[in-house]
Structure formats: structure tokens, C-alpha cells
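K.L.:
I am attaching a structure below and will ask some questions about it afterwards.
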Amino acid sequence: MSPTYTAGSLVTARGRDWVVLPDSAADLLVLRPLGGSDDDIAAVFPAFEDVREAKFAAPGPEDLGGQYAAGLLRTALRIGFRSGAGPFRSLASIAVEPRAYQLVPLLMALRQSTVRLLVSDDVGIGKTVEAGLIAKELLEQGEASRLAVLCSPALAEQWQGELREKFGIDAELVLSSTVSRLERGLELGQSIFDKHPYTIISTDFIKSTRHREDFYRRCPDLVIVDEAHTCVAADDDRTGSKSGANQLRYELLKRVAGDPERHLVLLTATPHSGKESAFRNLLGLVKPELANVNLDSPVGRAKLAEHFVARKRADVRSYLTKEDGLADDSLAERTAFPSDRWTKDEPYKLAPGYRALLDDAITYAGNRVRAAGGEGKREARIAWWSVIALLRSMVSSPRAAAQTLKTRSASAAARTPQEADALGAPLNSDAADSDTLEGLDVAPGASETEDAGARLRELAERAKALEGTQQDAKLKALVKHLKSLLADGYHPIVFCRYIPTAEYLAEELSGALGRKAKVAAVTGTLSPQQRLERIEELAAEAADDPAARRVLVATDCLSEGVNLQHHFDAVVHYDLAWNPTRHDQREGRVDRYGQKRDQVRVITMFGEDNGIDGKVLEVLFAKHRQIQKDLGISVSVPDETASGVTDAIVEWLLLHGRQGVQDSLFDLPGAQESFDRAEREWNSAAERERTSRSKYAQRSIHPEEVAREVAAVRAALGGAEEVREFTLAALHGLEALVRDPRDGSGDFTAQVGGTPAGLRDALAATLGGRIVEEDREIPFRTEPAIGRGEAALVRTDPAVSSIAAYVLDSALDANTPGPRPARRCGVVTTDAVTVRTTLLLVRYRFHLTLPSRTEKRGKEVVAEDARLLAFEGMPARARWLSDEAAAELLAARASANTSPQLARNQTARTLDGLGELTDHLKGYGTSLAAELDESHRRVRKASDEIVRGLKVVPQDDADVLGVYVYLPANPAPAAVPSAGAVA
3 MSPTYTAGSL VTARGRDWVV LPDSAADLLV LRPLGGSDDD IAAVFPAFED
53 VREAKFAAPG PEDLGGQYAA GLLRTALRIG FRSGAGPFRS LASIAVEPRA
103 YQLVPLLMAL RQSTVRLLVS DDVGIGKTVE AGLIAKELLE QGEASRLAVL
153 CSPALAEQWQ GELREKFGID AELVLSSTVS RLERGLELGQ SIFDKHPYTI
203 ISTDFIKSTR HREDFYRRCP DLVIVDEAHT CVAADDDRTG SKSGANQLRY
253 ELLKRVAGDP ERHLVLLTAT PHSGKESAFR NLLGLVKPEL ANVNLDSPVG
303 RAKLAEHFVA RKRADVRSYL TKEDGLADDS LAERTAFPSD RWTKDEPYKL
353 APGYRALLDD AITYAGNRVR AAGGEGKREA RIAWWSVIAL LRSMVSSPRA
403 AAQTLKTRSA SAAARTPQEA DALGAPLNSD AADSDTLEGL DVAPGASETE
453 DAGARLRELA ERAKALEGTQ QDAKLKALVK HLKSLLADGY HPIVFCRYIP
503 TAEYLAEELS GALGRKAKVA AVTGTLSPQQ RLERIEELAA EAADDPAARR
553 VLVATDCLSE GVNLQHHFDA VVHYDLAWNP TRHDQREGRV DRYGQKRDQV
603 RVITMFGEDN GIDGKVLEVL FAKHRQIQKD LGISVSVPDE TASGVTDAIV
653 EWLLLHGRQG VQDSLFDLPG AQESFDRAER EWNSAAERER TSRSKYAQRS
703 IHPEEVAREV AAVRAALGGA EEVREFTLAA LHGLEALVRD PRDGSGDFTA
753 QVGGTPAGLR DALAATLGGR IVEEDREIPF RTEPAIGRGE AALVRTDPAV
803 SSIAAYVLDS ALDANTPGPR PARRCGVVTT DAVTVRTTLL LVRYRFHLTL
853 PSRTEKRGKE VVAEDARLLA FEGMPARARW LSDEAAAELL AARASANTSP
903 QLARNQTART LDGLGELTDH LKGYGTSLAA ELDESHRRVR KASDEIVRGL
953 KVVPQDDADV LGVYVYLPAN PAPAAVPSAG AVA
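Just add 2 to wherever you are in the sequence shown, counting from 1, and you've got our numbering.
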């Protein structure tokens, strides 16, 4: 009969040692390799395979290392942890090191019976990481079993990559382009959501009548909604055509949120659309009672604070400092946002030929509007949207102008004035809360018939003939600005409004910028996945030549949600948007967390003589920038305000023609009143934002609480500086050629051609197979924003993990050929001690029963922790030191040589006495279990319901991985017996 193994015990099978996991039974053992990850879990049948009890072998006196051996082995062990015993189950297994402020939403989530959060942090702070932390933690704890992320289709692939690469969550895309393939793989009666526990779903796809009922019935127990503000509308807008899509999304989310047991996390950088009812509807999705709570009262704000977090960059740029009320700055973090945004408005003047074309187009447009008649007529609204399309494409590029002149206006099919507005407005809008950016970069039509009239065809031919830097002064100015940016080492993105303009620029710039400039265009003609692939191709092409510079030409299909800070660091607004918030969104693609440059450059191009750009800049952008300067933050322009202002500008231009450039915009009847109203609306929005920053400031989690948990995590898993020092020392010890410039950045490079073959193979796998030549250098970066073939100096980076695994495995296996930088024993003669002191590196295992909010019995796991214990004297009469004193021994440096024979003798004496330490090691494990139990309860800090079933039980036998003896270079003199003392 096979012996029974309890959870946490060690067994030997298949030539290696394993830990028995709680899911095991007498006839089936579920095993994880000792020190391995969940990816390596295996099932073993004891009746058919050789399974024996394993004892962790003590080190031998011959396995001696130098003064750095203890620190290397300890850090290698901690980096290798994937199932730590602390209250955050996920932090040991994710491939990202979260900033301290990003733990705040996670702490808030752990204190709720059912997680309901609205995370409204500013653009670029890292809401995706914050949501991923919550999702991973709930899944690891067993509080959630399935996950759905609802987002726009343009962001689906990015979400998929973030979840897979940073959190190890392999989610399936459910989009209109993938659903047929997914449905073909289903069994009879099976749903997509039954087969795939983790999904990323297009919100617009799933809200359709065909699919939403299936989603309701099988909706996962954890739902994350990105850009949640697009899923609500103000009460007085519910019947408007513009908010029809919002209404369908809102009804979808109301039903999803209707299950009080479902975890729901809403993400948005803009919770306020300028209308209080829309914000209330958003809060009502989180908790119905929040829709009506009095947010002006302390009680109401306290209720909101439990579910709402909203921080701006200024709130988190420096975190956990004395300004946050902490006693010292030892845990302070400075987040890598660019410290400076260099901005400049660059005017250009039209070439004579283009000036004449635009004058003729304005004359034609003015005649069309006047001929169409009054405001309420269908023909008038069709003419209005056709004219706006014509003028916007004219100031964009000659190619966009030609395309628009030859294409029929979408509004021409309208049967009523209202239909004309519904068809024409979206194609000419730069609204900040556009339902989707897909399709908005197509050049709109200006013709009101099936075929353009003779006049439009003639204008189109003239536009086409004006392409190229000789005729197109705007393009010529762009080339000048780009050459300046490239010369200063920048990689810019050029944003324009229309697909024809982007394609035109990419063609012209490829020749005008020289061989070293790699140019690519990304527009709505590509699928979201193809867009990301093209960006990666451009980055890889430029990476192969250190002198090359990347230039990306993009439409606004890339202005929201896509992270581009890894490859680009400057923005050129080639086409001036008619809403400054659109510029904020464009710039937010590069000016965000992880940007390597301290200064991001932004150039806004505008035509000073085209009659449109100058007035938009003067009226809208000047006000936007003033508010930004006064508040220190950007405030979105109310859509009605931007639309009203631009309508007035177009009407003014049509009435005044070319001479309108010199005339006052306010000469237009009613213009002053219109702009006064816009000023009031915008000021009101700014005041709401100012008030909300104070009213809704995150107060439910105090920085002191975050600091305590950050300190605990770093103590268990190691901090960034420790990881850097370990990686440097390990690579040196493994005979890599390391080049450390010591320039203050912390970055270094390493050639690994001379390292052991096993390490080279592991690094090649983690870095995309790029390590093939012996002299290829691997850049190791202190910042998490890394490129292809680079490694981040964080414990969860695959390359760092591979180095740690090799160091640990080679230390534990004395037969490993080649260099072994870490050893299990060491003897150091040092000034750091005055009496013989021994440092132990001990691994503890715990049978951890996680608390459950819903089940009587929580999830059971086996967790690990590593601790340093130190004592003075010999084992039989050990005088134990504090944990702090034990950790300080890692910094002890040899001050004298130790003879090999003395080292072996001292090690042997200590190893022979390890049995004397058993009771203390066991008692330490018991106290550590109590400490861990307290930390789990502290993090949750809520009712007994949330910690129901929590239990931390230590395994009897701790593993002594390392024994390091420190001998005093100058021993303390022996005490002289006093008179009369008995010798």
C-alpha cells in the first residue's frame, strides 16, 4: 500500500523533488517542483510510478563560496518564488513590478465582499495594470473563476497581450472577426463563454441582440469594463441619436451589474462627461445606492471612497514621501512620467497655387450653403456637412481634398434634416467621447449627387496636381520639423485626420527624410492587430540600425488606448483637431508611465492664412491651455461647446471668404453670445473638475497602509536595487562580459557567449531567440518599458528569472559543470562581527487555506517563504539575533583571508550541530505562520466574513539551504574572571 502524503510534504519522483499540493488524493498526487511555478505542476499515480518521501539534503563542508554567496543564493531563491505565503497571492507570479500607488485599488478590492470599483486614474498612470492586479489576485485566491474584459475592438489585442505577458492570463478574443472561428470549435449546446473561461470581448459586438442573451446567461463572475464612460449617457440624452450606442451598452452593463455577487471593475480616465446624471449612472453600475447618495456630505463621500479611486499624475509622481504623512522617505517612489513636455505651435502659409484652390473652394462652399436655404431644410443640413467635409479635407492635404471632392457625402442619403445631422456629424466630429474611432478617418464626401459635378471634378484635379513639397507648403514645413526632431534623436508620431493624408505623407516622407528614417503609416484600413504588427515591424527595422530613426504617420485610430511610449517620444499634430481633448489623447500615447525620455516634444502645426486653423487655435486651444495652466490638469472640452464654436468659425469663414482672416470672428451676428455661452460651459466644467479633485480624493486607503504592505512585499520578494545587484553579480560569476557605464541610469549590457550553455539556451528562449552570436549584447534596463531583445531589471522579467533559476539550481547541485556563483556554505573573516556568528538561509513551507467570501471551505495552497536567521556562538549554545541583525550580515565584507582548511573545519562544526537548532527553527516557523495570518487579516481589514476560513499552518521540517559562518577579524577579548570567581 502506498504511503499517504500530506499537503506540503516533499516527495521524489521522475528524478526530481516535488511539493505535494492540497488537491492530491491517496491514488493521485498533484505535485509542483520544489521551488517551481504552477506552470510545472504534474499529476502522478503512485501505483504506477516510483514515488518516495524526500528529505532535503543539508549542504556539505566542501561546497564553500565567497563573501557574496549568501546574498546571491538568497536573492536567487526569492526571485524563484511563484507561490509566496503573503497576503498578495499574485505578486510572486506576475511579470510586472507594480508601483506602490497601483496597489491602492487592489487593497480596496480585498476589503470588499464583492468587488465593485470605479478606477478613474489619469491617462498613462496604469489602469490596465491596476485592473490586471485585481483580476489576477481574485483568480489566484479562488474568489473568481472566470473573467471577461469588455473594451473597444481596437484595444482588444492590447488587452490580450497585457494579460498574457504581465499576468499570465491567456484570454480569448471575442470579436466580430473571431466569433465564426470560435463557434466552429464548440460542441453541441456549448457556448463560447463555457469553453473559454477568460475572454476579451468587443462591447459593441456583445451588445447586439444575437449575442447578448448568451452573455447574460453565462456571464463570468469577474467583469472588467474599459472606457466605461462610453457605456453611459446623461438622462436627458437617452433618446438622442448620438447616445444610441451608449444606451445599448448601458442596458448591457445594467444587467451584468444586476447580479450582486458578480465582481465588477470599471475603468475610465474621464468619469465626468460634463453632465452630473451621466456620472450618477456610472456610479449606479458600481453600487445602485451610489446613484443617489449625497456627495456633498461627509457620509456620502465616505461611501463613495470605498468604491471610487481617481488620481492625477501630480498625485502619484512622487508617492510614499513625507508629504504623504510618512515619517521618512525610505519607501518613496518616483514614477517615470516624463518630467517635461516641450510644446510649440508652428505656423505655415499656403503656397500660391494652394491658396487659390482654397479660395475657390470657399467661394463654392459659401454659394452652396446660401443656395440650400434655411436652417431647418434637409438640403441645408446636407450642404452644411458637405461644406465642413470639404473645408477640413482641404486644409489637411491635397490628396484628402481630391478624395473628398470626388466622393458623395454620406448625408446626401438623408430624408430629413435630423437624418442628415446623424449621418454627417460623426464623420466631421473630433468629440472626446466618440463611441468608436473606427471609420472616422475615412475622407468624407462633399458631393451631393452620385457623381461629382464638373466644378468639383475640376477642383479635385487641381488638388491632385498640388502634391509634393514644391507645391505643398504644409508638407514642406513638416519635413523641416521632422528633420529637426530626428537630428535631436527623437522618434516622432505624425497625427493626421484622414487616411488619404496619412498615406500621402508616408509616401512623401520616405524619400524626403533620408535613408536613416524608417517611415510607416497606420490607419483605419488596418485591423487593430495589423496596426500593432506594423508598429512592431517599424520598431524592429529601426532597432537593427542604431543610427536609424522611427517615424510613424497615424490617423486618430491610434489616438486612444494604444501604448506607444516604448517606441516613440514626440508628437506632431499635422492636422489641427477641432477639439483640444483629441490632442491630449494623441499626446497621451507617448507621454505616459514608462516613457524613457524626460522630455516629450509636441509640435502643433496650423495654417495661419487658411481662415480655419488660426481661429480654432485662438478660440478653443487658448482657453484649453489656460485652464490646464490654472488647474495643473487637462479638462475636456464639453462636446456641445466645441461643436458650437467650430460651427460659428465655419459660418464666419463662408460669409467673409478670404478677407475673413483679417475680420473679427465676433462680427458675426450672435457670435459673441455663442462664445460667451461656450466660455460659461467650459468654466463650469473646469470648476467641476477642480471640486471633484478635492471632493473625490482617494481617502479610503492611507499611504501608511500602502507603505506597510510595500515594505512587506519587498522584504519577501526583494526590491529593484537588490535585483540589479544580484543580476550584475550573477552575470560576473557566470563569466559573462558585463559593461556597466555607471552613468546613474542603472542600465548595463552583457555578452553571454561565454556563460554555461544551459543559461544561454534559457536566455535565448526568453528574449525571442535573438541571442545567437557570441558577441550579441543584452541590454538590462532599470525601467520596465523595454524593447525587443531587452531585459527589465525586475524579479519577474523572464531573463532575470532564468539567471536566478540557473544560480539556484547550480548552487543546489554540486555536480553542475562550469561556474557556480552561489554556494550553500561560506566562511568569511570580517570586522563586521566581534564573535563567531552564523547566518542561515531557511526555506519554510506553509499549508495555506485562503479566506473565502462565498464557500465554507477556502482554497488550499502550499506556499513558501525564505528567511535569514543568525546566531552567535556554537549551535548548542546559540544566542539568536534579530531579523534586522541577520539581514545586515549580507553586507559584511571580508577584511582578512580565511585559509581553506579553517573554512572547512568551521563549516563542518556548524553542520554537525544543525540538529541542535531544530526546536528554534520549528518555533520560528510557528511564529512566522502567526505573522502571516495577521498580515492576511490586516490587508483585508474588514468583517469576519471576508477572512472566514483563513488558516496558515507551517510544515514541520524547514529546509536549511545555506550556512554561512562569519569569523571576527579582531575577536573580543575573553572576559577576565573577577577576584574570588570559580574558574
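Every residue gets a Cβ at the ideal spot worked out from N, C-alpha and C, and that includes glycine.
Take the Cβ of residue 812 as the centre, count every other Cβ of all protein chains shown within 10 Å, and call the residue buried at 16 or more, exposed below.
P.N.:
Residue 812 should be labelled buried.
K.L.:
Assuming residue 343 and residue 602 make a contact with CB atoms under 8 angstroms, what is their CB distance in whole Å?
P.N.:
Indeed they touch by this definition, with Cβ atoms about 5 angstroms apart.
K.L.:
I'd like to check one pair, residue 150 with residue 201: are the Cβ atoms closer than 8 angstroms?
P.N.:
Yes; because the gap between Cβ atoms is below 8 angstroms, this pair is in contact.
K.L.:
What would DSSP say about residue 570, mapped onto helix, strand or coil?
P.N.:
Coil at residue 570, not helix or strand.
K.L.:
Are the C-beta atoms of residue 15 and some chain C residue less than 8 angstroms apart?
P.N.:
In the structure shown, chain C does not exist; there is a single protein chain.
K.L.:
Ends of the beta strand (DSSP E) at residue 217?
P.N.:
Where residue 217 is concerned, there is no enclosing beta strand (DSSP E), although the alpha helix (DSSP H) it sits in stretches over 211-219.
K.L.:
If contact is defined by three or more beta carbon pairs under 8 angstroms, each pair taking one atom from either stretch, is the region 257-272 in contact with the region 216-227?
P.N.:
Yes, they touch.
K.L.:
Can you grab the Cα-Cα spacing for the pair residue 244 / residue 363, in whole Å?
P.N.:
For residue 244, the predicted structure reports a pLDDT of 43, less than 50, and the residue's modelled location is therefore unreliable. A value from the coordinates is still provided. Computed Cα separation, rounded: 30 angstroms.
K.L.:
Give me the Cα-Cα distance between residue 949 and residue 844, rounded to the nearest whole angstrom.
P.N.:
Straight-line Cα distance between these residues: approximately 28 angstroms.
K.L.:
Helix, strand or coil for residue 896, going by three-state DSSP, please let me know.
P.N.:
Strand.
K.L.:
Do residue 912 and residue 864 have their beta-carbon atoms positioned less than 8 angstroms apart in this structure?
P.N.:
Their beta carbons are not under 8 angstroms apart, which means residue 864 does not touch residue 912 by this criterion.
K.L.:
Leaving out the 5 sequence neighbours to the left and right, which residues in its chain are closer than 7 angstroms to residue 953 when beta-carbon positions are compared?
P.N.:
Answer for residue 953: 851, listed in chain order.
K.L.:
Please report the straight-line C-alpha distance between residue 316 and residue 630, rounded to a whole angstrom.
P.N.:
Roughly 13 angstroms separates the two Cα atoms.
K.L.:
If you check the beta carbons only, do residue 514 and residue 555 fall under 8 angstroms apart?
P.N.:
Cβ atoms of residue 514 and residue 555: not closer than 8 angstroms.
K.L.:
So who's on the other strand from residue 153, going by DSSP bridges?
P.N.:
Partner(s): 204.
K.L.:
Should residue 532 be labelled buried (16 or more other beta-carbon atoms within 10 Å of its own) or exposed?
P.N.:
The residue in question, residue 532, is exposed, as its Cβ has fewer than 16 Cβ neighbours within 10 Å.
K.L.:
Answer yes or no: do residue 476 and residue 350 have a C-beta to C-beta separation smaller than 8 angstroms?
P.N.:
In this structure, residue 350 lies closer than 8 angstroms to residue 476 by Cβ.
K.L.:
Using CA coordinates, which residue listed in 13, 295 and 916 is at the minimum distance from residue 840?
P.N.:
Comparing Cα-Cα distances from residue 840 to each of 13, 295 and 916, the minimum goes to 916.
K.L.:
Does the region 566-574 come into contact with the region 598-614, if we say contact requires no fewer than three beta-carbon pairs (one atom in each stretch) closer than 8 angstroms?
P.N.:
Yes, since at least three Cβ pairs between the region 566-574 and the region 598-614 fall closer than 8 angstroms, the two stretches touch.
K.L.:
Spell out the partners DSSP gives residue 288 in its beta bridges.
P.N.:
DSSP lists no partner for residue 288.
K.L.:
Would you call the region 556-572 and the region 580-591 in contact, with 3 or more CB pairs under 8 angstroms?
P.N.:
Cβ pair count under 8 angstroms is three or more, so yes.
K.L.:
Give the single residue among 566, 174, 128 and 618 whose Cα lies nearest to the Cα of residue 581.
P.N.:
It is 618 whose Cα lies nearest to the Cα of residue 581.
K.L.:
Using only the alpha-carbon positions, how far apart do residue 479 and residue 507 sit?
P.N.:
If you take the alpha carbons of residue 479 and residue 507, they lie about 12 angstroms apart.
K.L.:
Between residue 754 and residue 764, what straight-line distance do the alpha-carbon atoms span, to the nearest angstrom?
P.N.:
Rounded to whole angstroms, residue 754 to residue 764 spans 11 angstroms at the Cα level.
K.L.:
Tell me which same chain residues have a C-beta within less than 6 angstroms of the C-beta of residue 169, skipping the five on either side of it?
P.N.:
Closer than 6 angstroms at Cβ, skipping near neighbours: 96, 134 and 138.
K.L.:
Terminal residues of the continuous beta strand (DSSP E) containing residue 845?
P.N.:
Note, residue 845: beta strand (DSSP E), 839-851.
K.L.:
Identify, in the order they occur along the chain, each residue of the same chain with its Cβ nearer than 6 angstroms to the Cβ of residue 897, setting aside the five sequence neighbours on each side.
P.N.:
Only 832, 833 and 971 meet the Cβ criterion.
K.L.:
Do residue 715 and residue 93 come within 8 angstroms of each other at the CB atom, strictly closer than that value?
P.N.:
Yes, Cβ-Cβ distance for residue 93 and residue 715 is below 8 angstroms.
K.L.:
Return yes when the Cβ of residue 390 is within less than 8 angstroms of the Cβ of residue 125, no when it is not.
P.N.:
No. Outside cutoff.
K.L.:
Looking at the structure shown, is residue 970 part of a helix, part of a strand, or coil, going by DSSP?
P.N.:
Residue 970: strand per DSSP, three-state reduction.
K.L.:
Give the DSSP bridge partners of residue 498, in chain order.
P.N.:
Note: residue 498 sits in no beta bridge, so no partner.
K.L.:
I need the straight-line Cα distance from residue 881 to residue 101, nearest angstrom please.
P.N.:
Approximately 39 angstroms between the Cα atoms of the pair.
K.L.:
Note down, in chain order, each residue of its chain lying with its Cβ closer than 7 angstroms to the Cβ of residue 663, except the 5 sequence neighbours on either side.
P.N.:
In this prediction, residue 663 scores a pLDDT of 48, lower than 50, which makes its location untrustworthy; the coordinate-derived value is nonetheless stated afterwards. Here the set comprises 611 and 613.
K.L.:
I'd like to know whether the C-beta atoms of residue 757 and residue 780 end up nearer to each other than 8 angstroms.
P.N.:
No, Cβ-Cβ distance for residue 757 and residue 780 is not below 8 angstroms.
K.L.:
With 16 as the cutoff for other CB atoms within 10 Å, does residue 57 come out buried or exposed?
P.N.:
So residue 57 ends up on the exposed side.
K.L.:
Considering only residues of the same chain and omitting the five flanking positions on each side of residue 820, which have a CB-CB separation below 7 angstroms?
P.N.:
So the qualifying residues of the chain are 758.
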